[in-house]
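>
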Amino acid sequence: MEQAATEIEELATKYSNNPILVTSRKLPFNHINNASLFHPYQTNGLSKDEAIALIRRISKLPIAQQKNEVFERFINSLEVELYDEYLSFAENPILLFLMLQMFERNASFPTEKATFIKDSYRLLYKEHDHSKLVALTREFKTNLPESTMMRVISHLCFLTYFENNGKKSEFTESEILSLLDRVLNNEGLSLTRAEDLLADLITCLCIIHKEGQSYYFVHNIFQEFYAANYLYDLDNEVQEQFFKDNFLAEDMNSRLIDTTSEYYHELDKEFNKKKLKYNIFLPVLEELKRRNEGRDFVELDTISYRVILSPKGEGDISFLDFGSVFLSYFTFFVEMHYFSVQDKNLPLPVKFPKIKDMEKIFTFPIYHDNLTDSEYFQLRFKIKNLKLTSEAMELMEKYKLDLIYFFIDYSTICKDDAWLKVFKKSSAYECLNFIEDWVTKTRTEKEADKRKIPILNFKK
37 MEQAATEIEE LATKYSNNPI LVTSRKLPFN HINNASLFHP YQTNGLSKDE AIALIRRISK
97 LPIAQQKNEV FERFINSLEV ELYDEYLSFA ENPILLFLML QMFERNASFP TEKATFIKDS
157 YRLLYKEHDH SKLVALTREF KTNLPESTMM RVISHLCFLT YFENNGKKSE FTESEILSLL
217 DRVLNNEGLS LTRAEDLLAD LITCLCIIHK EGQSYYFVHN IFQEFYAANY LYDLDNEVQE
277 QFFKDNFLAE DMNSRLIDTT SEYYHELDKE FNKKKLKYNI FLPVLEELKR RNEGRDFVEL
337 DTISYRVILS PKGEGDISFL DFGSVFLSYF TFFVEMHYFS VQDKNLPLPV KFPKIKDMEK
397 IFTFPIYHDN LTDSEYFQLR FKIKNLKLTS EAMELMEKYK LDLIYFFIDY STICKDDAWL
457 KVFKKSSAYE CLNFIEDWVT KTRTEKEADK RKIPILNFKK
C-alpha cells in the first residue's frame, strides 16, 4: 500500500493538470504525504430505494420472470420492515441477493442473526447449484460434508478474528492459504488442498471475497459469528480458560467481547444452554477478583468514579473508568438484561474530598455561553479551588451552571467517612453490589446444574 501511495503521489504531482481518480477498497491516503492532492470519498451501502431497484432489475432477467410473485413479495417485505430489520445485510448487494434466495424458500425470516447466518450457510451449501431464481452451477472442489465444512469455516474465522485482536480484515493470498493449511491440519484434513477450499469459500459459499490481490470476508458478521461458533463448540473447561486468559488482557479489543457475547447469547437461546453465564461471565469475573486478591468489586482500586454535583447540592457517584474492558462490557450487559440502575439525587457531604491537584469539570447551558476568555479562566480557577459544597452551589447559581463533576478513586473515598456513606448509596455502588450478588448466585446455580442427574426413559 505504501509503495502504491508513493507512486500515485508522484504521478499526481508530475501531471498536476490531469484529473486522477483512484478507487480502492482500502484508502491509501494515510500513506500520502501531500493529502491535499486528493479528496477522499467513500461509497455508502444501498438505501432502501436502491435495494428495491436492484431487486426489480434482477426480476427482469429472463431466468427470473417465472418467479415474479416471489420478487413482488420480497420487495413488499423490504418496504415494510425487512430492509430496516436487516440493514447491514440489505445494504450489501451480495447479501441482499442471499436474502432473496432465503426468502424464496421461507418468507419468515429468523429474528436472531445467528440463526439467519446458519440458515444462509445451509442454503448455500445445499442449494447453491440448484437455485430456482438464477441458474448457477458451481461445483465444490472439496468433498467436505456440511458439518465438517462448518467446523472448518468456524476455525478459520476464529484464527483470523482472535489472533489479530479483531483488527485485521484484509489478507494476502499467502496469508489466507497459510491459515487454511493450519485449519486443515488441525482438523485432520491434511489431504484437502487449501487452494481448493479457498475456491469453495469464494465461489460456492460466498463467504470470502477476492479483490485485486487481497482477500476479505464478504461481511464482518460472518467472521464474528463463526469465530464465536468455533469457541461455543469447544469443551466447557477449554472455553473458560480461553476467556479468562484473553478477555482480561490489557489490550483486549472490546469488539471481540461484544460480538462473542452477543452470539453466545443467541446460541444459548437456540440450544437452551447457559454458556454465556457459565463459560464467559462467571469465570472471567471470578478471575478478575482473584487477580485483585479476592476483593469485592466495590473494593477494586482499578475502578475510578465520577462525582456529579447539581446546583441543589445533590448528586451521585457513577463510573468513569472500570480499569477493565470486560468489566465495562459486563456492566453494560447487566443494565441491558438484568438490572436497571437509576441515577441518584443524594445529599453530598459539606466538604469536598481531599484530592491532590483535583480537576473539577463544569458545564453550563449553551445560551449562557457568553463568558469572555478572562471570565472563563477565572471561573475555572475558582471551581478548581472549591473546598465546600456550599461554595460550589453559590458559583453554580451565580453562573447558571448545570453541574460540576470531578473524579475520585476508591482509596480516596475510604479516607472520608462522609463520602464513604454517600458512595454506599450511589448508583455505582448499587451496580457493583448487584454484580457481586450475581456472581455468588450464578456460582451456586452452576454447581447445582452440575449435580443434576438426567432422567432416562428406559424401554420396557
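Reading the sequence shown from the start, the letters are residues 37 to 496 in this note's numbering. The beta carbon of each residue, even a glycine, is placed where N, CA and C say it ideally should be. As the structure is a prediction and not an experimental result, all values here were calculated from the model.
For my contact list, glutamate 140 and valine 188 are in at a C-beta cut-off of 8 Å; report their separation, rounded to the angstrom.
For the purposes of this step, residue 140 is taken as residue 104 along the sequence shown, with counting starting at 1. For the purposes of this step, residue 188 is taken as residue 152 along the sequence shown, with counting starting at 1. Contact flag wrong, Cβ pair sits at about 27 Å.
> Taking only three categories from DSSP, how would you classify glutamate 86?
For this step, residue 86 is matched to residue 50 along the sequence shown. Helix, per DSSP.
> State the CB to CB distance for the pair asparagine 289 and asparagine 201, rounded to an integer number of angstroms; the pair is presumed to be in contact (CB under 8 Å).
The residue given as residue 289 occupies position 253 in the sequence shown. The residue given as residue 201 occupies position 165 in the sequence shown. With a Cβ gap of about 5 Å, asparagine 289 and asparagine 201 count as contacting.
> Who are the Cβ neighbours of phenylalanine 279 in its own chain at under 6 Å, not counting the five residues just before and after it?
For the purposes of this step, residue 279 is identified with residue 243 of the sequence shown, where counting begins at 1. For phenylalanine 279, where only same-chain residues beyond five positions count, the Cβ hits under 6 Å are Ile316, Val320.
> Less than 7 Å separating the Cβ of methionine 432 from some heavy atom of the ligand ADP?
Absence of the ligand ADP is noted for the structure shown, with no ligands found whatsoever.
> How long is the line joining the alpha carbons of asparagine 469 and threonine 476, rounded to whole angstroms?
The residue you call residue 469 lines up with position 433 of the sequence shown. The residue you call residue 476 lines up with position 440 of the sequence shown. C-alpha separation (whole angstroms): 11 Å.
> From the DSSP output, read off the bridge partner residues of glutamate 411.
To locate residue 411, count along the sequence shown from 1; it is residue 375. Bridge partners of glutamate 411: none, in fact.
> Inspect the beta-carbon positions of leucine 424 and phenylalanine 388 and report whether they are closer than 8 Å.
Locating residue 424 in the sequence shown gives position 388, counting from the first residue. Locating residue 388 in the sequence shown gives position 352, counting from the first residue. Yes; because the gap between Cβ atoms is below 8 Å, this pair is in contact.
> Would you tell me roughly how many angstroms separate the C-alpha atoms of tyrosine 197 and leucine 136, rounded to the nearest one?
As a first step, residue 197 must be located in the sequence shown, where it is residue number 161. As a first step, residue 136 must be located in the sequence shown, where it is residue number 100. Looking at the two C-alpha atoms, the distance is approximately 28 Å.
> How far does the beta strand (DSSP E) with tyrosine 251 in it reach, from first residue to last?
Taking the sequence shown and counting its residues from 1, one reaches residue 251 at position 215. Segment 250 to 253, the beta strand (DSSP E) holding tyrosine 251.
> Going by C-alpha distance, which of Thr178, Asn265, Asp287 is nearest leucine 234?
The residue given as residue 234 occupies position 198 in the sequence shown. That would be Thr178, whose Cα lies nearest to the Cα of leucine 234.
> Going by DSSP, what residue range makes up the alpha helix (DSSP H) through leucine 433?
By one-based count along the sequence shown, residue 433 stands at place 397. A quick correction: the sequence has glutamate, not leucine, at residue 433. First-last of the alpha helix (DSSP H) with glutamate 433: 425 to 435.
> Pull the bridge partners of aspartate 332 from the DSSP assignment, please.
For this step, residue 332 is matched to residue 296 along the sequence shown. Its beta-bridge partners do not exist; DSSP assigns none.
> On the premise that arginine 327 lies in contact with tyrosine 441, defined as a C-beta separation below 8 Å, what is that separation, rounded to the nearest angstrom?
Along the sequence shown, read from residue 1 onward, the residue named residue 441 stands at position 405. Along the sequence shown, read from residue 1 onward, the residue named residue 327 stands at position 291. In fact, because the Cβ distance is near 30 Å, the residues do not count as touching under 8 Å.
> Going along the chain, which residues of its own chain have a beta-carbon closer than 6 Å to the beta-carbon of isoleucine 449, five neighbours each way excluded?
Counted from its first residue, the sequence shown places residue 449 at position 413. These residues qualify, in order along the chain: Trp455, Leu456, Phe459.
> Looking only at DSSP bridge pairs, what is leucine 382 linked to?
Taking the sequence shown and counting its residues from 1, one reaches residue 382 at position 346. Answer is Gly351, bridged to leucine 382.
> Consult DSSP for aspartate 232 and reduce its assignment to one of helix, strand or coil.
Here residue 232 refers to the residue found at position 196 of the sequence shown. Looking at aspartate 232 - three-state DSSP - the assignment turns out to be helix.
> If you run the structure through DSSP and keep just helix, strand and coil, what is threonine 480?
As a working mapping, residue 480 is identified with position 444 in the sequence shown. Helix at threonine 480.
> Quick one: Cα of asparagine 381 to Cα of phenylalanine 355, how far?
Mapped onto the sequence shown, residue 381 falls at position 345. Mapped onto the sequence shown, residue 355 falls at position 319. The alpha-carbon separation between asparagine 381 and phenylalanine 355 amounts to approximately 16 Å.
> Looking at glutamate 302: is its Cβ nearer than 8 Å to the Cβ of alanine 150?
On the sequence shown, residue 302 is found 266 positions in, with the first residue counted as 1. On the sequence shown, residue 150 is found 114 positions in, with the first residue counted as 1. Against a cut-off of 8 Å, the Cβ pair of alanine 150 and glutamate 302 comes out as a contact.
> When DSSP labels each residue in this structure, what does threonine 208 get in the three-state scheme?
Within the sequence shown, the letter at position 172 stands for residue 208. Annotated three-state conformation of threonine 208 is strand, per DSSP.
> May I have the straight-line CA-CA distance separating valine 370 from aspartate 438, to the nearest angstrom?
Here residue 370 corresponds to residue number 334 of the sequence shown, with the count starting at 1. Here residue 438 corresponds to residue number 402 of the sequence shown, with the count starting at 1. Annotation: valine 370 to aspartate 438 spans about 29 Å, alpha carbon to alpha carbon.
> State the Cα-Cα distance for the pair alanine 87 and proline 129, rounded to the nearest angstrom.
Taking the sequence shown and counting its residues from 1, the one referred to as residue 87 is at position 51. Taking the sequence shown and counting its residues from 1, the one referred to as residue 129 is at position 93. So the two alpha carbons sit approximately 8 Å from each other.
> Between serine 297 and tyrosine 251, is the Cβ-Cβ spacing less than 8 Å?
What you label residue 297 is simply residue 261 of the sequence shown in a count that begins at 1. What you label residue 251 is simply residue 215 of the sequence shown in a count that begins at 1. Against a cut-off of 8 Å, the Cβ pair of tyrosine 251 and serine 297 comes out as no contact.
> Where asparagine 80 and phenylalanine 74 are concerned, what is the direct C-alpha to C-alpha distance, given to the nearest angstrom?
On the sequence shown, position 44 is the one that residue 80 refers to. On the sequence shown, position 38 is the one that residue 74 refers to. Roughly 19 Å separates the two Cα atoms.
> Whole angstroms are fine: how far does the CA of arginine 229 sit from the CA of aspartate 236?
For this step, residue 236 is matched to residue 200 along the sequence shown. For this step, residue 229 is matched to residue 193 along the sequence shown. The straight-line gap from Cα to Cα measures roughly 11 Å.
> Could you tell me the alpha carbon to alpha carbon distance between valine 311 and serine 447, rounded to whole angstroms?
For the purposes of this step, residue 311 is taken as residue 275 along the sequence shown, with counting starting at 1. For the purposes of this step, residue 447 is taken as residue 411 along the sequence shown, with counting starting at 1. In the sequence as presented, valine is not what sits at residue 311; that position holds lysine. Take the alpha-carbon of lysine 311 and the one of serine 447: they are about 35 Å apart.
> Does DSSP put glutamate 247 in a helix, a strand or coil?
Here residue 247 is taken as the residue at index 211 of the sequence shown, counted from 1. Three-state DSSP puts glutamate 247 in a strand.
> So the candidates are Asn272, Ala264, Glu247, Thr59; which of them puts its Cα closest to the Cα of lysine 486?
Translated into positions along the sequence shown, residue 486 becomes position 450. Cα-wise, what sits closest to lysine 486 is Asn272.
> Cutting at 7 Å between CB atoms, please list the residues of its own chain near histidine 166, excluding the five before and the five after it.
As a position in the sequence shown, residue 166 is number 130, starting the count at 1. Residue placement at histidine 166 is flagged as unreliable, the pLDDT there being 40, under the threshold of 50; the coordinate-derived value follows with that caveat. There are no such residues.
> With respect to the alpha helix (DSSP H) encompassing alanine 454, which residues constitute its N-terminal and C-terminal limits?
As a working mapping, residue 454 is identified with position 418 in the sequence shown. Here the alpha helix (DSSP H) through alanine 454 covers 453 to 459.
> Whose CA, out of Ser144, Ile99, Leu131, lies closest to the CA of glutamate 117?
The count along the sequence shown starts at 1 and reaches residue 117 at position 81. It is Ser144.
> If you drop the 5 nearest sequence neighbours on each side, which residues of the same chain put their C-beta closer than 7 Å to that of aspartate 337?
Taking the sequence shown and counting its residues from 1, one reaches residue 337 at position 301. Asp445, Tyr446, Ser447.
> Pick helix, strand or coil for aspartate 357, following the three-state DSSP scheme.
Sequence index remark: in the sequence shown, residue 357 carries index 321 (1-based). Correct three-state label for aspartate 357: strand.
> Among all the DSSP beta bridges, which residues are the ones paired with lysine 387?
Position 351 of the sequence shown, counted from the start, is the residue given in the question as residue 387. DSSP lists Leu424 as partners of lysine 387.
> On the three-state DSSP scale, how would you describe phenylalanine 375?
Position 339 of the sequence shown, counted from the start, is the residue given in the question as residue 375. Correct three-state label for phenylalanine 375: coil.
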